[in-house]
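Peer 1: Residue numbers (our numbering), protein chains in the order written: chain A, 65 to 366; chain B, 3 to 348. Glycine included, C-beta positions come from ideal geometry on N, C-alpha and C.
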C-alpha cells in the first residue's frame, strides 16, 4: 500500500503548513436566542437576538452598516443588516419584514427561539472618519433599518459630530419604523424630517417625495459646508438612490463622502455563492456599503 | 522542474501503481447520433476503460471537487434546541488521471476565489487538498479556444503532466509523491533530442487551433458595449436553462436551501450549484429581480467571466474549453458572442 495517497484532513490540519487559519470555522454559527420581539408596523418586527455564550457575545464586534446571516435550522438562512448599536456587541437587534418563506416563519416564532448567527460580514459606514463633520442620513422605506446602527453610533458619540440630519421618507404614516425613538433622537440635537407619500387622518407632517425635503436642506446649507464637511449616508429602494445622490452631487458633496448600502440576496455572505454579485463585485465582501464613486463604476448596481 | 521520459507501454504500470487509490478519468459514456464517442469523467477501475485520447468531455470533472449537491451541515433537534454538525465531505484522496491543461488551469482559477484569503472554503479545500493530478496533453477540437485564453499550457497545479511523443511519454514532474511513483516504473532521463521533440510537439499543437477569441482590451470593450443591442439578440436565443454553467469547469456559484426530515428530528442545509442564467438568480426579498431579462443574465455571465474576474485577478475566468458552446441547446458559443460584441472594429 505504499502508493496509497495520504489523506489530508482539513478539519484537523490547522497550524500546519499550507493550511488556512480558521478555515474549519467557515460554517460556524453562534447559537443565539430571540430574547424579545415586537411589531413595529403591520409587516415589520424588531427581533432582539442574543448570542447565548457570554464570552462569544462579548467578543462579537461589528461596525454600523455590517450584516449577519440569520439561520433558522431547517427553514433557511438569509442576510440582515444589524440595527443595533455596536457597543451592544452580540446583543443584536434585527428589523425584519415578513415577505418570504423564512421571514414569515420568523413572524410566527416566540420568545426563546434558538437561532444561528454568523458574521458580521461586509463593509460598514465609516462613522469614525466622519468625526467633526456634518452627517446627512437619508432613508427611504426599509432603508432606515441599516441606518439605525450608524444613528445609534452617532447618538452615543454626539459631541464628536457637527450638524446631524435624518431625512426619512415612507409611503404612509403607518409604515414608519422606530416611531417610539424619534423623540429621543431629537433630544440628541438631531434634525429629523419625515415625509410620507400618502397622509392619513392623523398625519400633520409634510406629504410628498423625499427629494423635496432634501432640496430644502440643501437650500438651507452653504455650498462650502457640503463640499468640505458633510458626509451622506443613503439607503432606500434602488430608484431613490439615483435621484438623491444626483442632488447631493449637485450640492457639491464629493462622491467619496456619499455612502450607500445596497441590497442583494446573499446565500453565503462569504464571497463564494455569487448571488449578490454586481459584475464580479461581491456585495457581501466589497459591500453592502459602497461609496458613490464605486457605485457609479458598477453596472446595474442601482 | 524535473523531466522524465517513459515508454508508452509503461502507462498501464503508472495506472496500476496509482490504482490503490480511487482514480477518476475520461471514459466513453455512449455515442452521439453520428456514432462519435461521448466522453465524461468517471471512476475508472480498469485501464482499458481509460480513454486518454478523448477530445473533450461533456462535463468538467468539477462534481468531484464542487459537487452539484452537497450537505453543508446537519441539524439535530432536541427539546426546542438544536445542534449543528459540519462535515466537509472528503474522506479519501482521488487521482485525476488525464486532465487537460484547460481543466487544471480551471482548478488554479477556482483556487484563487475559493481558497484565497477571504473566507477560504473548506468544502472545496478538503477535496482540493486530496487530489493527485496526472495531466495529459491534448489535441485541440474544433470548439477549443484555450489558446486564446492563455490556458493551452499549464505551469502548476498538477503532480505529473504527460505529453505523448511517438512511442514515448514526456513527463513533467511537479511533486515529490509523483517522483516517487515514477521511481517504481521504468523511466529515463530526457536527452536534448527529447527536449526538442517536446517543443516541436507543443508548437505543432498550437498550430492546430481553428477557433479563436480576440481578448485584447476585452474588459474595456465589454464596458463600452454594455448597452449594445447584441446582448438582446443573444438573450432572445438563450433559453435560460443553465446548461452552460452545468458543464463549465469554473462556474462555482450556488444557492442554499434547508430541508427538514419527515419526523422533524433532523434538518440539513444543502448547497446546490446554480447558474446566473436561471431567472431567479438575482431576485431579492419581496420579488424585485435585478436581472429579469434573459439578455441581462447572459450579459452578466460574460461580464463575470471576461471582465469582473480579470479586474480581480488579472486573468479571465474562462479557460476556453468550449464545453458550454457544445452543450448549449440554443447553439450560443463564447467565440461567436465575443466576436459579435467586437463587431465593427476591423
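Please tell me whether residue 32 of chain B and residue 331 of chain A are closer than 8 Å, where the distance is taken between their beta carbons.
Peer 2: In this structure, residue 331 of chain A does not lie closer than 8 Å to residue 32 of chain B by Cβ.
Peer 1: Identify the continuous alpha helix (DSSP H) that holds residue 288 of chain A and give its terminal residues.
Peer 2: Start and end: 287–293.
Peer 1: Can you give me the start and stop residues for the alpha helix (DSSP H) that residue 28 of chain B sits inside?
Peer 2: Run containing residue 28 of chain B: none in the alpha helix (DSSP H); it sits in the beta strand (DSSP E), 24–33.
Peer 1: Applying a beta-carbon distance threshold of less than 8 Å, which residues of chain B neighbour residue 363 of chain A?
Peer 2: Simply 225, 228 and 305.
Peer 1: Could you tell me the alpha carbon to alpha carbon distance between residue 80 of chain B and residue 267 of chain B, rounded to whole angstroms?
Peer 2: If I take the Cα positions, the gap works out to 7 Å.
Peer 1: Would residue 293 of chain B and residue 302 of chain B qualify as a contact pair, given that the criterion is a beta-carbon distance under 8 Å?
Peer 2: Yes, the Cβ-Cβ distance between residue 293 of chain B and residue 302 of chain B is below 8 Å.
Peer 1: Among all the DSSP beta bridges, which residues are the ones paired with residue 291 of chain B?
Peer 2: According to DSSP, which records beta bridges pairwise, residue 291 of chain B is partnered with B:285.
Peer 1: Expressed to the nearest angstrom, what Euclidean distance is found between the alpha-carbon atoms of residue 311 of chain B and residue 344 of chain A?
Peer 2: So the two alpha carbons sit approximately 6 Å from each other.
Peer 1: Quick check on residue 209 of chain A: does DSSP put it in helix, strand or coil?
Peer 2: Of the three classes helix, strand and coil, the one that applies to residue 209 of chain A here is helix, per DSSP.
Peer 1: Can you confirm whether residue 75 of chain A, when its beta carbon is compared against all beta carbons of chain B, has any partner nearer than 8 Å?
Peer 2: Yes - at least one Cβ of chain B is within 8 Å of the one on residue 75 of chain A.
Peer 1: Alpha carbon to alpha carbon, what distance is there between residue 260 of chain B and residue 51 of chain A?
Peer 2: Only positions 65 to 366 of chain A appear in the structure, and residue 51 of chain A is not among them; the question remains open.
Peer 1: Between the segment 83–95 of chain A and chain B, which residues of the former have a C-beta closer than 7 Å to a C-beta of the latter?
Peer 2: Correct list: 84, 87, 88, 90, 91 and 93.
Peer 1: Given that a residue counts as buried once 16 or more other Cβ atoms are within 10 Å of its Cβ, and exposed if not, what is residue 309 of chain B?
Peer 2: By the neighbour-count rule (16 or more Cβ atoms within 10 Å), residue 309 of chain B is buried.
Peer 1: Could you tell me whether any Cβ in chain A is nearer than 8 Å to the Cβ of residue 94 of chain B?
Peer 2: Yes, contact with chain A.
Peer 1: Below 8 Å on the Cβ atoms is my contact criterion, and I expect residue 322 of chain B with residue 104 of chain B to pass it. Report the Cβ-Cβ distance as a whole number of Å.
Peer 2: Indeed, because the Cβ distance is near 6 Å, the residues count as touching under 8 Å.
Peer 1: Could you tell me whether any Cβ in chain A is nearer than 8 Å to the Cβ of residue 299 of chain B?
Peer 2: It does not; no Cβ of chain A falls within 8 Å.
Peer 1: Relative to the alpha-carbon of residue 319 of chain A, which residue among A:326, A:329 and A:295 has its alpha-carbon at the smallest distance?
Peer 2: The residue with the shortest Cα to Cα distance from residue 319 of chain A is A:295.
Peer 1: Which residue marks the beginning of the beta strand (DSSP E) containing residue 203 of chain B, and which one marks its end?
Peer 2: That residue, residue 203 of chain B, is in no beta strand (DSSP E); its alpha helix (DSSP H) goes 194–209.
Peer 1: Pick helix, strand or coil for residue 230 of chain A, following the three-state DSSP scheme.
Peer 2: Here residue 230 of chain A sits in strand by DSSP.
Peer 1: Just curious, the alpha helix (DSSP H) that residue 172 of chain A is in, first and last residue?
Peer 2: Taken as a continuous stretch (DSSP letters only), the alpha helix (DSSP H) holding residue 172 of chain A covers 165–172.
Peer 1: Residues in the same chain with beta-carbon distance under 6 Å from residue 23 of chain B, minus the five sequence neighbours each way, listed in chain order, please.
Peer 2: Closer than 6 Å at Cβ, skipping near neighbours: 95 and 97.
Peer 1: Below 8 Å between beta carbons: does that hold for residue 124 of chain B and residue 87 of chain A?
Peer 2: Yes; because the gap between Cβ atoms is below 8 Å, this pair is in contact.
Peer 1: Which two residues bound the contiguous alpha helix (DSSP H) that contains residue 215 of chain B?
Peer 2: Careful: residue 215 of chain B lies outside any alpha helix (DSSP H) and carries neither H nor E.
Peer 1: Using C-beta distances below 8 Å, list every residue in its chain close to residue 14 of chain B, excluding the 5 sequence neighbours before and after it, in chain order.
Peer 2: Hits under 8 Å: 49.
Peer 1: Return the residues of the segment 322–349 of chain A that lie within a Cβ-Cβ distance of less than 9 Å from chain B, sorted by chain order.
Peer 2: Within the segment 322–349 of chain A, the qualifying residues are 327, 328, 329, 331, 332, 333, 334, 335, 336, 337, 338, 339, 340, 341, 342, 343, 344, 345, 346 and 349.
Peer 1: Run the CB neighbour count on residue 107 of chain B, radius 10 Å, all protein chains shown included, and call it buried at 16 or more, exposed below.
Peer 2: By the 10 Å Cβ count, residue 107 of chain B comes out buried.
Peer 1: Tell me which residues share the same chain as residue 279 of chain B and place their Cβ nearer than 8 Å to its Cβ, disregarding the 5 neighbours each side in the sequence.
Peer 2: Closer than 8 Å at Cβ, skipping near neighbours: 240, 242, 243, 244, 246, 247, 296, 299, 300 and 303.
Peer 1: Taking the beta carbon of residue 324 of chain A as the centre, do at least 16 other beta carbons fall within 10 Å, making it buried, or is it exposed?
Peer 2: Residue 324 of chain A is buried by the Cβ-count criterion.
Peer 1: Following the continuous alpha helix (DSSP H) through residue 108 of chain B, name the residue where it begins and the one where it ends.
Peer 2: Looking at the DSSP string, the run of the alpha helix (DSSP H) that includes residue 108 of chain B is 103–116.
Peer 1: Quick check on the DSSP output: the beta strand (DSSP E) that includes residue 328 of chain B runs from which residue to which?
Peer 2: Note, residue 328 of chain B: premise wrong, no beta strand (DSSP E); alpha helix (DSSP H) at 325–329.
Peer 1: Reducing DSSP to helix, strand and coil, say where residue 330 of chain A ends up.
Peer 2: Correct three-state label for residue 330 of chain A: coil.
Peer 1: Of the residues that make up the segment 294–316 of chain A, which ones have a beta carbon closer than 8 Å to any beta carbon in chain B?
Peer 2: Per Cβ criterion, the list reads 302.
Peer 1: Just how far apart, CA to CA, sit residue 46 of chain B and residue 143 of chain B?
Peer 2: Using only the alpha carbons, I get a separation of about 24 Å.
Peer 1: Give the DSSP-derived three-state secondary structure of residue 126 of chain B in the structure shown.
Peer 2: It is helical.
Peer 1: Using a Cβ cut-off of 8 Å (strictly closer), state whether residue 79 of chain A contacts chain B.
Peer 2: Because the pLDDT at residue 79 of chain A is just 48, under 50, the model does not fix this residue reliably, and the value given afterwards should be weighed accordingly. For residue 79 of chain A, the answer is no, since every Cβ of chain B falls outside 8 Å of its Cβ.
Peer 1: Nearest-angstrom Cα distance between residue 213 of chain A and residue 222 of chain A?
Peer 2: Spanning the two alpha carbons is a distance of roughly 14 Å.
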